[in-house]
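Protein chains in written order, with our numbering: chain Z, -5 to 500; chain A, 180 to 303; chain H, 14 to 117; chain C, -16 to 316; chain R, 575 to 1077. Note sheet for the following structure.
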């Protein structure tokens, strides 16, 4: 690779990544060289500004045609654009949360790291979103993972944070290893790591032994993805990690990390497996035969997530199980792969991001005011801070999928996707709706605490002022949840910009 | 074919060295058994602790420092894994690779500075 | 020229991988668990390198991939150890079963 | 003799012959170690204005070390009750084997080399790193507080200096474009690398002294504070193997320094090439060993904190800088 | 624009209420009640227009809302969801009923003593939901409004209800959640397979296999969908095995809310069954009619029997609701004009009667703190007027000629007799039982030994309480005497369902 080829690439396509990389490097250096006595708070705003600039640059890239640079290891297709937008936007919200994160002790000494590790994780997800190569994909995945391991344990002296990080590392690295093992088979059989080439190689392979190995590889990779998205059977880490990790990190894990998991999953499935033959004569495609397993996974995930959530008394744990359940809903859409799948996942992720980050914003606020994340501590919130209670209810209702919220439209879209493929999987749809009804109980349970229970006597701690950045997050999330619930056309038409990802699906 | 033999033989030598390296202590110690006396005495088998009776298990908690250095070592050792191939192929890769490597090492250097600033490198 | 068949490497890798997985899932000591994960990652490397030399479609990419794997493994184990240290400082234990203050 | 053999198909016959040759070499090494110890004691004695060993075996104490070894051989073998027995037995082997193994690749002259493998340098670095495991195992297995601390210190120190050591030679690799030690020697036809890479040489020497756990970096076995460090509990021949490993390693390091920086078997000036390469090699090698012994006599032991900080804060950045200065200079000229 | 204004008029009240401080209870009450009035006036206006011969289709509203996917180049209607409101005679009647009952329930809400602000906020949201359900021309919109009733209802029950209201609210939530879940599945299947959610289009497309059909809907699937609809609306209605939640709600919810619940919310089930079940799957509905009849009979008899053995007057009324909904099912099962007309009549008339009775129950409870038959008695002496109204309500409920109940039951049974005389015969038994249990309960309260009065003085009807009593009684009698008031508007609907839809 000489300078000419290097310069011939359209580096503009990587602009958002470069911006994030630059910002995080600068942040890192500033944090290192800044004397310890200065507060690192302002760095948070710097990071936020960086993400904003990256969003703007990504928006300006939308009209750009599908570009691939660096020998097709980095692809900026419509899929990448759309999903990176979600990731960046979600990061913006999470960073705002992080800016106002004041748990009392244990964060100030590492506040600088706190911000730029979010950015490195973000960079990982973005690389994943537009990778055209298995290696890039893997490196992106690991950049995300390793950053989030540290983030989960960023409060060094806080035992729960340590435990969360430890669990996350152990589970995560096992999952990584399994995924990687699967990837090694994929590479071995095709001799390339480029996803497009791999896909076309796989299309031609009718050797049943090879197909068997593809299957093994697929399920091994599925382990890794299912870890990232916290779906059964690799969801066990989620509750503990969500509970123990600092709240902005929890929000990050439940939103951005999960989104990244779905992104990588879609990429792998659509690039490699959709066209791959599923039997010796090539009469069936791989996914046609094997979607059943994903469907089972989805069903189990939904059931476990929703049923176990019923018994939780800690709101972060409850939200963890709820997020497991949401992963199940999204898996439904992947199990019933069709014309709408990418759009569905995009929209649902947006909706999910709004409501979940919003909910965690409130959890964070309450944790700082009452020092507790038990659901009991929300008792009487309506009395002491009605606006907060109503806001929280909106998020919870959206998660439950009550009409008028973005969550409902998302679920509806999943249904449309499920029923518009033939043959439709009615059992899965029924599971989805059934578990949704179960979920009403625990979402409403929190609302009941807020509205009906008398507050604890402890001097009414809830009447705290909400930090300005938290206020921004809350207003964005509430408005988004409601607007996308009532006039989802905004988001859906925006998706139309990407022409249903036709350049991605090919 | 010739090259292949040459290649195999060279590694065979390495194996031979390995065998010898292991054998020598084994043989020496076994032979030594014939020569050395064996007069057991409980006092001989106690652990040395400057003349006092040993107390506690000696597998005490290691200082955290050691782990810190282990972590740093792992990172920089892997860095060299990348430096070596680059250095070997430097002539073919040219200036672009140099710049890339500079970026890479710069990142790791930040890591070193980070450790420095966080007082990880202090041994107290 | 006789050479070891691909399947032998793959089997070796698989055995290593399974050993690692077994250890990672059953061992109590977190350090050992981390080591087992390393074992799994090394199995991957064997796979990659074997495929890159002897696979149906040999190519150098596999070796490049294994370099990435190595560095990622290093980063992972470094982070894992660091977190373990932090945990140990607060908990005085490296037993995975004692990492359970949040379980109800 | 090896030349012909090496092109035949590998087999048991080759193995046997190689084995015999290697055994001869091993005996040679043992001889070297015997007299290296003696010479060290002599040199130290000379520098400290005393005689050193002078009674056993004639005028210069030629059989002093031999007598020492015999004494060790007939000493009772003691393994402490609380020790981790298998590991305790294994540790000296782990320490010794790598030190010997690395010798396989070192080219002593242009035709006197055992294994000419393409990645000789990497092999050397990789294998030599293993010996630290033996040291740590010994410290751990002894179940003795001094040993443990000694072992841990050794580990920390060795891994800390491993990195500058490894990085310092990257400059040489850059200049030669090969990891093969023969190629590296050949590249020094005109200028020795000690001239082209003075910084690397300095780093390499310092780091290798530290790797050898020799004064001024001998903290792991500091007699005055740790009794004897990781081998406190070892006695008799087991202890001897640690000593053996140390001196074999010294041999290897000296040889490596010669190969990498001093042009190996190449003559000082090209008109001097009538003198055989083996002699040149031996000369340069002796100088290196002498310098190392000289260092031991001259410098006081470093403080532990200085030791670590020196490695990370001075040597490592310097090594990195050296790499890039070399690369940029090479790019320019 | 009348329809959207009608439906969303309570929003004005909501906004006003948000501005009012919590402690200004009188003001809250006034604003809350007044906010229900625009809807009532507007629906009355629409009714007048209809009487004057105006076509109802002119009020239809169609606005582009959102779309899934991008199919503009093939078919702009594909997977597009529009904001479509429209009414026909049947829904006009339901709108009228809803807005009337809402106003009356708001007046009756004087009984609510705590946290009026929250109460009225939820109340008004509930009203929007109920009004919207009846005016939606689009399945998805329908579902949205349908669900909009769920959450306020849950809170209204659990917060302002009686002792065990929490349980009642949860069982309400779970049952109705499941019901609406099933409904959602049906709607989504229809939408996904046809690409449209407009009810009128679906009524054309599904039975006849129109052009926009994306995937073939097999007859088996149609049966499946219809049965799912039956379950979904059966929960609301409620049909026999799915009824337990409803008893709890009737007993535990605050009386004004029960008025709305029994008066309107239960009717959504019937409305949906007629609109979608019959409208979209006429053939399948036809072939399932026997089962509907059986279900109807079970409801009728089961409700009646159990109503007979209850001790709590609220339970009596709750079971009577089940029993009366059986008549709706019977009417639907008859599959002819009279039966259908009877079913729709019953829907309206039971709405009015149930509202009246529960209002009275609320008044009784306020005065005596009990609704148990064994503790009440001889009220005719202490509260003669109230007892009189109670008697009127009871008689209306058992179908005394001259009241709305008679008209509806009579027409429904007429229809059933025409096609299925056997079922009608059995059903008639139920009517007798109705008379028995209703009279037992009402007479036990009004006459007999005085029990409560001795404990504390009981006041008769006063102030604002008169209005609901008089209006409801008036309307019941008005319909009973002059059924054409109802008959005219629903005539078109019935005609459509039996001819066009049945194709």
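Using N, Cα and C, we set each Cβ at its ideal position, and we do this for glycine too. Keep in mind that this is a model prediction, so the values were computed, not measured.
Inset, instruction - Would you check if the distance between the CB atom of residue 225 of chain C and the CB atom of residue 217 of chain C is smaller than 8 angstroms? - result: yes
Inset, instruction - Go ahead and pull the three-state DSSP assignment for residue 992 of chain R. - result: helix
Inset, instruction - Please classify residue 175 of chain C: does DSSP put it in a helix, a strand, or coil? - result: The three-state secondary structure of residue 175 of chain C, taken from DSSP, is coil.
Legend entry - Spatial neighbours of residue 34 of chain C in its chain, beta-carbon cut-off 7 angstroms, leaving aside the 5 residues before and after: 28
Inset, instruction - Return the Cβ separation of residue 67 of chain Z and residue 125 of chain Z in integer angstroms, given the expectation that the two are a contact with Cβ distance under 8 angstroms. - result: About 7 angstroms; that satisfies the 8 angstroms criterion.
Legend entry - Span separating the alpha-carbon of residue 265 of chain A from that of residue 272 of chain A: 8 angstroms
Inset, instruction - With 8 angstroms as the C-beta to C-beta threshold (strictly closer), list the residues of the stretch 268 to 292 of chain A near chain H in chain order. - result: Within the stretch 268 to 292 of chain A, no residue has a Cβ lying closer than 8 angstroms to any Cβ of chain H.
Legend entry - Residue closest to residue 151 of chain Z, alpha-carbon to alpha-carbon, out of H/111, H/110, H/109 and H/105: Between residue 151 of chain Z and the set H/111, H/110, H/109 and H/105, the nearest pair of CA atoms involves H/105.
Inset, instruction - Quickly, what does DSSP pair residue 637 of chain R with across the bridge? List them, please. - result: R/657
Inset, instruction - Would you decide whether residue 297 of chain C is buried or exposed? Buried here means 16 or more other CB atoms lie within 10 Å of its CB. - result: exposed
Inset, instruction - Compare the C-alpha of residue 55 of chain Z against each of Z/75, Z/423, Z/287 and Z/38 and name the closest. - result: It is Z/75.
Inset, instruction - Please name the residues in the stretch 714 to 740 of chain R whose beta-carbon is closer than 9 angstroms to at least one beta-carbon of chain Z, in chain order. - result: 714, 717, 718, 719, 720, 721, 722, 724, 725, 728, 729, 732, 733 and 740
Legend entry - Cβ neighbour criterion (16 or more within 10 Å) applied to residue 71 of chain Z: Residue 71 of chain Z comes out buried.
Inset, instruction - Could you pull the start and end residues of the alpha helix (DSSP H) that residue 63 of chain Z belongs to? - result: Unbroken run through residue 63 of chain Z is the beta strand (DSSP E), 61 to 63; no alpha helix (DSSP H).
Legend entry - Rounded C-alpha distance that separates residue 1017 of chain R from residue 635 of chain R: 50 angstroms
Legend entry - the stretch 194 to 212 of chain A touching the stretch 78 to 92 of chain C, judged by at least three CB pairs closer than 8 angstroms: With the cut-off at 8 angstroms, the stretch 194 to 212 of chain A and the stretch 78 to 92 of chain C touch.
Legend entry - CB contact below 8 angstroms: residue -4 of chain C versus chain A: No Cβ of chain A is located within less than 8 angstroms of the beta carbon of residue -4 of chain C.
Inset, instruction - Run the proximity test for residue 339 of chain Z: is its beta-carbon closer than 7 angstroms to any non-hydrogen atom belonging to the ligand FAD? - result: This structure does not include the ligand FAD; it has no bound ligands of any sort.
Legend entry - Distance between beta carbons of residue 43 of chain H and residue 230 of chain Z, contact taken as under 8 angstroms: So it is not a contact: roughly 16 angstroms between Cβ atoms.
Inset, instruction - Mind checking which residues open and close the alpha helix (DSSP H) that includes residue 322 of chain C? - result: Because chain C spans -16 through 316 in this model, residue 322 of chain C falls outside it and cannot be assessed.
Inset, instruction - Please confirm if residue 263 of chain A has its CB atom under 8 angstroms from at least one CB of chain H. - result: no
Inset, instruction - To the nearest angstrom, report how far apart residue 262 of chain C and residue 94 of chain C are at their CA atoms. - result: 13 angstroms
Inset, instruction - Return the bridge partner residues of residue 271 of chain Z from the DSSP annotation. - result: Z/279
Legend entry - Between the CA atoms of residue 106 of chain Z and residue 52 of chain C - distance to the nearest angstrom: 59 angstroms
Legend entry - Min CB distance residue 294 of chain A to chain H below 8 angstroms: Answer no: the Cβ-Cβ gap between residue 294 of chain A and chain H never drops below 8 angstroms.
Inset, instruction - Please confirm if the stretch 269 to 280 of chain C is in contact with the stretch 100 to 117 of chain C, defined as three or more CB-CB distances below 8 angstroms between the two stretches. - result: no
Legend entry - Collapsed DSSP secondary structure at residue 370 of chain Z in the structure displayed: Per DSSP, reduced to three states, the secondary structure at residue 370 of chain Z is helical.
Legend entry - 6 angstroms CB neighbourhood of residue 683 of chain R in its chain, flanking five on each side removed: 830
Inset, instruction - Taking only the alpha-carbon atoms, compute the straight-line gap between residue 480 of chain Z and residue 1038 of chain R and give it to the nearest angstrom. - result: In this structure, the straight-line span from the alpha carbon of residue 480 of chain Z to that of residue 1038 of chain R is close to 38 angstroms.
Inset, instruction - Measure from the alpha carbon of residue 433 of chain Z to the alpha carbon of each residue in Z/12, Z/317 and Z/464, then state which is nearest. - result: Z/317
Inset, instruction - Report the rounded CA-to-CA distance for residue 147 of chain C versus residue 176 of chain C, giving the unit in angstroms. - result: In a straight line, the C-alpha of residue 147 of chain C is about 17 angstroms away from that of residue 176 of chain C.
Inset, instruction - Measure the alpha-carbon distance for residue 832 of chain R versus residue 824 of chain R and round it to whole angstroms. - result: 6 angstroms
Legend entry - When Z/307, Z/289 and Z/158 are compared against residue 111 of chain H, the one with the closest alpha-carbon: Z/158
Inset, instruction - In angstroms with no decimal places, state the Cα-to-Cα distance between residue 665 of chain R and residue 916 of chain R. - result: 16 angstroms
Inset, instruction - Give every residue of the same chain whose Cβ lies closer than 8 angstroms to the Cβ of residue 594 of chain R, excluding the five residues on either side of it in the sequence, and list them in chain order. - result: Once the five neighbours on either side are set aside, the close Cβ partners of residue 594 of chain R are 601, 602, 605 and 691.
Legend entry - Same chain, Cβ closer than 7 angstroms to residue 270 of chain Z, five either side skipped, listed in chain order: The beta carbon of residue 270 of chain Z sits closer than 7 angstroms to those of 196, 197, 208, 279 and 280, all from its chain and outside the five residues before and after it, given in chain order.
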